[in-house]
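Let me begin by presenting the structure, written as structure tokens, before commenting on it.
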Ligand code: SAH
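Numbering (the working numbering), first residue to last: 957 to 1167.
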């Protein structure tokens, strides 16, 4: 997803330091202090306009959520949702998912979500996929031992690729859904993309993979 540059996006982010952590490297190893409690921290890499992260934070007040996006304008729209929610258990970071080890220590993150990640269908762009092995290595370095990645997408090619990538990395596929919305999985929180694509008739795939 590419969105048009939003005028004033950076100022918007800078004006809300209680929600947007602009120098997350300073918080490495200190996230419990940032949130003011020792609750588990769940991260969504590529959080887009923030519906999932705010929905999850609302449903699970005893979990802290961090939404990460590489696009400043997209993150600024997520900030609008977070501001409307006024929830205490969300932070947003404008960073690249490939650099998470600069911001989190081993085990500081309890669970990692990937939702509707960019598919990068061309083989020569494989390294950009958020489930490529170098990303898995990064996630492994901030999750606890046997940490988990929960991934959903409508993109069949990316899903097939990711199952193979998790497996080649030595991860366990704990559960796989080939049609999430037709399943009995009840705690689903929809993302913006999920609503858009399922309205178009696409099935939603989901996997819980464990290191
Ligand atoms: N999860 C949202 C958005 C999906 S679009 C939803 O389901 O609606 C994918 C998002 O991932 C985009 O906002 C894009 O900017 C972000 N993204 C892509 N590569 C990234 C990276 N390396 N690090 C962080 N975010 C990334």
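Idealized CB from N, CA, C, for every residue including glycine.
Pick helix, strand or coil for residue 1000, following the three-state DSSP scheme.
By one-based count along the chain shown, residue 1000 stands at place 44. If DSSP states are grouped into helix, strand and coil, residue 1000 belongs with the strands.
Classify residue 1038: buried if its beta carbon has 16 or more other beta carbons within 10 angstroms, exposed otherwise.
Here the question's residue 1038 lines up with position 82 in the chain shown. That one is buried.
Residue 1013 classed as buried or exposed, judged by whether at least 16 other C-beta atoms fall within 10 angstroms:
Sequence index remark: in the chain shown, residue 1013 carries index 57 (1-based). Classification for residue 1013: buried.
Please report how far the alpha carbon of residue 1005 lies from the alpha carbon of residue 1124, in whole angstroms.
Taking the chain shown and counting its residues from 1, one reaches residue 1005 at position 49. Taking the chain shown and counting its residues from 1, one reaches residue 1124 at position 168. Computed Cα separation, rounded: 32 Å.
Local conformation of residue 992 per DSSP, three classes
Stepping through the chain shown from its first residue, residue 992 is reached at position 36. Coil.
Who are residue 1079's beta bridge partners in DSSP?
Residue numbering aside, residue 1079 sits at position 123 when the chain shown is read from its first letter. Paired residues: none, contrary to the question.
Run the proximity test for residue 1027: is its beta-carbon closer than 7 Å to any non-hydrogen atom belonging to ligand 1?
The residue given as residue 1027 occupies position 71 in the chain shown. Yes - ligand 1 has a heavy atom lying nearer than 7 Å to the Cβ of residue 1027.
Got a sec, what are the start and stop residues for the alpha helix (DSSP H) residue 968 sits in?
Numbered from 1 along the chain shown, position 12 holds the residue referred to as residue 968. It spans 965-970 - the alpha helix (DSSP H) in which residue 968 sits, taken as one unbroken run.
Under 7 Å: does the beta carbon of residue 1024 sit that close to some heavy atom of ligand 1?
Position 68 of the chain shown, counting from 1, holds the residue named residue 1024. At least one heavy atom of ligand 1 is nearer than 7 Å to the Cβ of residue 1024, so yes.
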